[in-house]
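Here's the structure we're looking at; comments come further down.
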Amino acid sequence: MPLLYLQLRRVSHQPRACLAPVGEKEVPGAGSTTGQRRKHTCQFCQTEEDLLEVKPDIVPGPRSYQHTYRIHFSRAGSYRCSETSLGFEVRALVAIEYQWDSWERHLKPHQLQGWVVASPLFNIQVEPAGAIAAIYLPHIVCLKGGEVDISLMYVAHIVNGELTLEKPTRVKPFYAVLENPSFSCLGLVFRYLFKHIPVHSKVLLYHAAMSAPTTFHVYVIPCDDSLEKAVEEHEEKHNAVLLDKPPQIDNPLYIDRNYTVASSPKAEILPKKLKFSYPIQERRQPFVEVYIRDLEMNIKLHITEVSSTEVLWEAMVREEDIQRARSSPEEQADPHFIDRHREQLIQRVTVVDALLDKLYGPVLDEEQYQRIRAGATNQDKMRRLYDLMPSWDRACKDSLYRALKVQHKHLVAELSEVVNWALVAAN
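Heads up, the sequence shown is in full-length UniProt numbering, so the first residue is 1 and it goes up one at a time.
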């Protein structure tokens, strides 16, 4: 297998342009960071130290993954970009400009023969270049607690269509670190040895409004911020909304293996299987379409490998998930129906036990269920139920609201009508 026809060596290129720090965002030190946050986690990979997260200035490009990011550090430190996950170890005053670039724009397919792309490609310019002690390039490969041979990962430098490879200084669970770097188009590649490569991955679940009312798009993508932004831009263009479901897949997925999405109750799902890949062609990512005729019942989605029954990811989708995703921040900030009508609900709900039966499991545990049922009157039971609500999130209150609509639909309709008339009077 050819080694890309190039020697492995320490490269040394001059920066292509000087950057003017005037007008750039200045980050003097930890006081200007936005906090520490880990974007990706993995049960197999060792936890590593967090870099301080900073938010760069953004110069919009024609697409969200073509923005240019600029930042000016005036003090030494180790930082991570909040938009791209790119990390920098800074020695001194420095101005940095960077953006995601396109592998296929710079390289022909044969130049990557025998290699798998393992990261986004970054176009980075630094002034002065010597102010950067190390660069942290985010990668998608799951090291699986040391099972993966990290010697197969290389830093790729691309200048004028020519590709040069060098060994990273060290490979960490979520980054490859290159000390004393030179700057060009930089990315990571992994030597392909006829084995499937484990990849950190996530699931994005969108409600597609322009289709039927209950159509969902399920994306299974490597943990690459540029891909996530490209998917977001494509879906928002068609008025789709991202549902707030856990994105992380605990186990790694494998490049070129087939995965399937299933549901309970059964839904119409196409395609039947999805080959997991790391697309570099304009970052277009395939998705699975899920259509269900009636969402009055919750739908449970899960993902498995075609050849296995092990559930790799699962989520429950409820009608209120869609309503919440499509509501404005102002609407979400309004008091919930359950909070707004506390007094009336305590006094007028008469079938509390039936409500508790519907809340048992998803909202109430056994001890809570029995304690509330032990109340002497319906009012006492409702007060005990409300005593638990400070620990509830909006989804728990949504569950109670849905149960009330079934057991006390006339009361819910009456209270909702009162609110609507109040809004009319206010206007």
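Glycine included, each C-beta is placed from N, C-alpha and C at the ideal position.
- Within 10 angstroms of the beta-carbon of Val220 lie 16 or more other beta-carbons, which makes it buried.
- A distance below 6 angstroms between beta-carbons, with the five flanking residues on each side excluded, links Lys275 to the following residues of its chain, in chain order: Asn258.
- Its Cα nearest to that of Phe44, the residue Asp250 stands out among Arg191, Asp250, Cys81.
- One Cα belongs to Gln46, the other to Phe287, and the distance between them is close to 30 angstroms.
- In this structure, DSSP gives Tyr69 an extended state, which the three-state scheme calls strand.
- Straight across, the Cα-Cα distance linking Val317 with Ser399 is about 12 angstroms.
- Residue state for Val117 is assigned as strand, using DSSP reduced to three classes.
- By the CB criterion at 7 angstroms, Ile299 and Val261 fall outside the cutoff.
- Excluding residues up to 5 positions away in sequence, Gln379, Met382, Arg383, Tyr386 lie with their Cβ nearer than 8 angstroms to the Cβ of Ile346 in the same chain.
- Nearest to Ser201 by C-alpha distance, out of Lys172, Val141, Pro181, is Val141.
- In summary, Gly87 is buried, with 16 or more beta-carbon neighbours lying within 10 Å of its beta-carbon over all protein chains present.
- Between Glu97 and Gln66, the C-beta gap is not smaller than 7 angstroms, which leaves the two residues out of contact.
- In the DSSP assignment, Met316 falls within the unbroken beta strand (DSSP E) covering 311 to 317.
- With respect to the C-alpha of Cys42, the residue from Leu312, Leu404, Gly61, Arg326 having the closest C-alpha is Leu312.
- Taking 7 angstroms as the cut-off, the beta carbon of Arg75 is found no closer than this to the beta carbon of Ala133.
- Between Glu53 and Arg80, the beta carbon gap of about 5 angstroms places them in contact (Cβ cut-off 8 angstroms).
- Per DSSP, the beta bridge partners of Tyr219 are Leu204.
- Residue burial is scored here from C-beta neighbours: His408 has at least 16 other C-beta atoms within 10 angstroms and is therefore classed as buried.
- DSSP, read as helix, strand or coil, puts Phe337 in helix.
- Within the model, the alpha-carbon separation for Trp103 versus Arg293 is close to 41 angstroms.
- Residue range 378 to 387 is occupied by the alpha helix (DSSP H) that includes Met382.
- Distance from the CA of Arg326 to the CA of Lys405, rounded to the nearest whole angstrom, comes to 21 angstroms.
- Between Tyr401 and Phe337 the beta-carbon gap is near 5 angstroms, inside 8 angstroms, which marks them as a contact.
- Secondary structure of Lys275 (DSSP, three-state): strand.
- With three or more CB-CB distances shorter than 8 angstroms, the stretch 143 to 161 counts as touching the stretch 179 to 187.
- A direct Cα-Cα distance of roughly 46 angstroms separates Ala131 from Glu305.
- Spanning the alpha carbons of Lys229 and Leu411 requires a straight line of approximately 44 angstroms.
- For Ala134, the enclosing beta strand (DSSP E) stretches over residues 132 to 138.
- Thr169 and Leu178 do touch by the CB rule: their CB atoms are close to 6 angstroms apart, below 8 angstroms.
- The beta carbon of Ser264 sits closer than 6 angstroms to those of Lys300, all from its chain and outside the five residues before and after it, given in chain order.
- The residue among Asp353, Leu364, Asp365 with its C-alpha nearest the C-alpha of Ala376 is Asp353.
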